[in-house]
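> Following our numbering, the numbering of the sequence shown begins with 7 at its first residue and continues without gaps. Virtual Cβ for every residue (Gly too), placed ideally from N, Cα, C. Below: one structure in structure tokens.
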Amino acid sequence: MEQALNRFLIYLETERGASPYTIRNYGSEIAEFMTFAQERGIERWDAVQKGEIRSWLASLHHADYHPASVARRLYELRSFFRFLVREEVVSENPARQVRAPKLPRTLPEYLTVEQVFELLAAPDISKPLGMRDAAILEVLYGGGLRRSEVLALDVDSVNLQEGQLRVWGKGSKERVALLGEPAILALRRYLERGRPQLLAARTTSSLRPPLRLFLNRRGEPISSTKTISNILDKYTSQVDLPRRVTPHTLRHSFATHLLEGGADLRSVQTLLGHENLQTTTLYTQVSLGH
7 MEQALNRFLI YLETERGASP YTIRNYGSEI AEFMTFAQER GIERWDAVQK GEIRSWLASL
67 HHADYHPASV ARRLYELRSF FRFLVREEVV SENPARQVRA PKLPRTLPEY LTVEQVFELL
127 AAPDISKPLG MRDAAILEVL YGGGLRRSEV LALDVDSVNL QEGQLRVWGK GSKERVALLG
187 EPAILALRRY LERGRPQLLA ARTTSSLRPP LRLFLNRRGE PISSTKTISN ILDKYTSQVD
247 LPRRVTPHTL RHSFATHLLE GGADLRSVQT LLGHENLQTT TLYTQVSLGH
């Protein structure tokens, strides 16, 4: 069973272009179900029935997992068994016959323009890490990027003259993010002053300098999305905002403020990289105060 799971994870990486974070989630959470099934005497994937999947999801529900977490695990199993059908390991997908839990439809949370300005002004831009952090915050808000997209930016992704970023989004799909003047200034300051100082701290100076845009204090690429969240947590606590702010909160704020400023829905969909217009429509409800 483990070999089939490993082949699926390789498929996610090589054919689907999934991020390391996604691959890690799929691997650990499908492995949870595999352990659950093995404890019930199931040793082959073709022996799994919809009843085992329902029992596992019910156990998660009784363990107080959020409905969204339970639903995510079901969707992961559906993808996995779809792969197994394609590989002729199983003849049918038992997860397709299992209904996902209903999710509460919540509107995205966002910051006011004033709160965003306060947050963006928090980093100490007299220091290289402060210059980096200011640029990261500006890109999260001013470009509407996901934290994984921020990590994937290369120096060559930045076109300051045109005010654009070349972004690789979900499923390795490319889009162009447009930047306002504050984000352009923050990136220029970081590229011209902050990043060279961080590169100077490298102990592996004989190696080719990294291409990734954002570096840590040792001059190496930031490798974890958690680091992006930690940077945001640091400045959120400094300015004492009324709620915890995540990278997605800034993305929500970016979309909401665009719509409040008169941008059309299709343009916002393109800038966010949403495949489904319905996802973007949520922000119109927020901007109208519903």
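I'd like the span of the alpha helix (DSSP H) that includes Q275, first residue to last.
Here the alpha helix (DSSP H) through Q275 covers L271 to L278.
> Output the boundary residues of the alpha helix (DSSP H) element that contains E38.
Element bounds for E38: P26 to Q44.
> With a CB to CB cut of under 6 angstroms and the five nearest residues on each side skipped, what residues in its chain are close to T242?
Only V251 meet the Cβ criterion.
> Quick one, which of L166, L204, E120 and K179 has its alpha-carbon nearest L134's?
Contrary to the premise, residue 134 reads as Pro rather than Leu in this sequence. Checked all of L166, L204, E120 and K179; the closest Cα to P134 is L204.
> Answer yes or no: do I36 and F89 have a C-beta to C-beta separation smaller than 8 angstroms?
Contact flag unset, no.
> By a C-beta neighbour count over all protein chains shown, 10 Å radius and 16 as the cutoff for buried, is R105 buried or exposed?
It is exposed - the Cβ of R105 has fewer than 16 other Cβ atoms within 10 Å.
> Please name the residue in A77, S230 and Q44 whose C-alpha comes closest to that of Y32.
Measuring from the Cα of Y32, the nearest candidate turns out to be A77.
> Measure the alpha-carbon distance for I142 versus L221 and round it to whole angstroms.
Looking at the two C-alpha atoms, the distance is approximately 11 angstroms.
> Less than 8 angstroms between the CB atoms is what I'm expecting for F260 and G150, so what's the real figure, rounded?
Confirmed, Cβ separation roughly 4 angstroms.
> Per DSSP, what are the beta-bridge partners of V164 in this structure?
V164 is bridged to L171.
> Any idea if S25 is buried or exposed, counting beta-carbon neighbours within 10 angstroms, 16 or more meaning buried?
Buried.
> In chain order, what are the residue ranges of uninterrupted alpha helix (DSSP H) at least 4 long that sit wholly in the stretch 200 to 245?
Fully enclosed alpha helix (DSSP H) runs of 4 or longer: 201 to 205 and 231 to 245.
> Note down the Cα distance separating A128 from Q244, rounded to an integer number of angstroms.
Whole-angstrom Cα-Cα distance: 7 angstroms.
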